[in-house]
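Residue numbers (this note's numbering), protein chains in the order written: chain A, 802 to 946; chain B, 812 to 868.
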């Protein structure tokens, strides 16, 4: 009986990617993480550059939205467009949650840039929804890593 | 910044960066795609602005 072969080490010059396996991080867990913190799921799945880009860009968009006087809308079923805007803004989980807690993004309706601020908030949320879907595809193996 | 075109360019830069990163795998492809998306967004908005000016202005 032969002893099991020792694990092969990576050849010199080859970088080894350390990442969580799709089996270890299931689709729902990855989706939740990706929704909460933009780019975090990609970081966990070993896609460092993508994760960092998503985190920096989407967080910056969210902050710029607030800086321009945009408003984080509440869910109002009576106003369908406001409801949809609120839904889009909740595409960015933790930043939106923190903003709600500290009162960020109250909106300055009289500001020249009010609508631009809303656009940045909504754009950030919708882009993160795409990032969440990409992370889900990566975690479930529907997209090659 | 309150410049309309400045904010539009900033928004286009953010969006095209995310799209480039999301839809392409290698860095050169990502940069190429992001630049093309950025130019399409800014150019499209500029053309649409002129069209609106010529039609409704």
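Note that CB positions come from ideal geometry on N, CA and C, so glycine has one too.
Problem set entry | Neighbourhood of residue 927(A) by C-beta distance below 8 Å, restricted to the same chain and skipping five residues each side | So the qualifying residues of the chain are 889 and 892.
For this session: Run the CB neighbour count on residue 851(B), radius 10 Å, all protein chains shown included, and call it buried at 16 or more, exposed below.
Result: Exposed, by the Cβ-count rule.
For this session: Identify which residue in 831(B), 854(B) and 853(B) has its Cα closest to the Cα of residue 845(B).
Result: Residue 831(B) is the option with its Cα nearest to residue 845(B).
Exercise. Would residue 859(B) count as contacting chain A if we go by Cβ distances under 7 Å?
Worked result: For residue 859(B), no CB of chain A lies under 7 Å from its own CB, so it is not counted at the interface with that chain.
Exercise. Taking buried to mean at least 16 other C-beta atoms within 10 Å of its own C-beta, is residue 945(A) buried or exposed?
Worked result: Flag for residue 945(A) reads exposed.
Exercise. What residues from chain A crowd round residue 818(B), counting only those whose CB sits closer than 8 Å?
Worked result: Near residue 818(B) (Cβ distances below 8 Å), the residues of chain A are 869, 914 and 917.
Exercise. Nearest CA to the CA of residue 875(A): which residue from 905(A), 913(A) and 828(A)?
Worked result: Among 905(A), 913(A) and 828(A), the Cα nearest to that of residue 875(A) is on 905(A).
Problem set entry | Boundaries (first-last residue) of the alpha helix (DSSP H) holding residue 905(A) | For residue 905(A), there is no enclosing alpha helix (DSSP H), as DSSP gives it neither H nor E.
For this session: Tell me, please, which residues DSSP counts as bridged to residue 872(A).
Result: DSSP, once it has assigned bridges, lists 907(A) as partnering residue 872(A).
Exercise. Should residue 928(A) be flagged as near chain B, meaning a C-beta pair shorter than 7 Å?
Worked result: Yes, contact with chain B.
Exercise. Can the beta-carbon of residue 862(A) be found closer than 7 Å to that of residue 901(A)?
Worked result: Their beta carbons are not under 7 Å apart, which means residue 862(A) does not touch residue 901(A) by this criterion.
For this session: Starting from residue 860(B), trace the alpha helix (DSSP H) both ways and give me its first and last residue.
Result: Residue range 838 to 867 is occupied by the alpha helix (DSSP H) that includes residue 860(B).
For this session: Determine, using beta-carbon pairs with one atom in the segment 837 to 851 of chain A and one in the segment 879 to 888 of chain A, whether at least three such pairs fall under 8 Å.
Result: These segments do not touch.
Exercise. Are the segment 915 to 925 of chain A and the segment 846 to 866 of chain A touching by the rule of at least three beta carbon pairs closer than 8 Å?
Worked result: Result yes; three or more Cβ-Cβ pairs closer than 8 Å.
Problem set entry | Anticipated Cβ contact below 8 Å, residue 873(A) with residue 897(A), distance rounded | About 7 Å separates the two Cβ atoms, so the contact holds.
Problem set entry | Amino acids of chain A, ordered along the chain, whose beta-carbon sits closer than 7 Å to that of residue 822(B) | Ordered by position in chain A, the residues that pass the 7 Å Cβ test against residue 822(B) are 920, 921 and 924.
Exercise. Any idea what DSSP makes of residue 851(A), helix, strand or coil?
Worked result: Note: residue 851(A) maps to helix in three-state DSSP.
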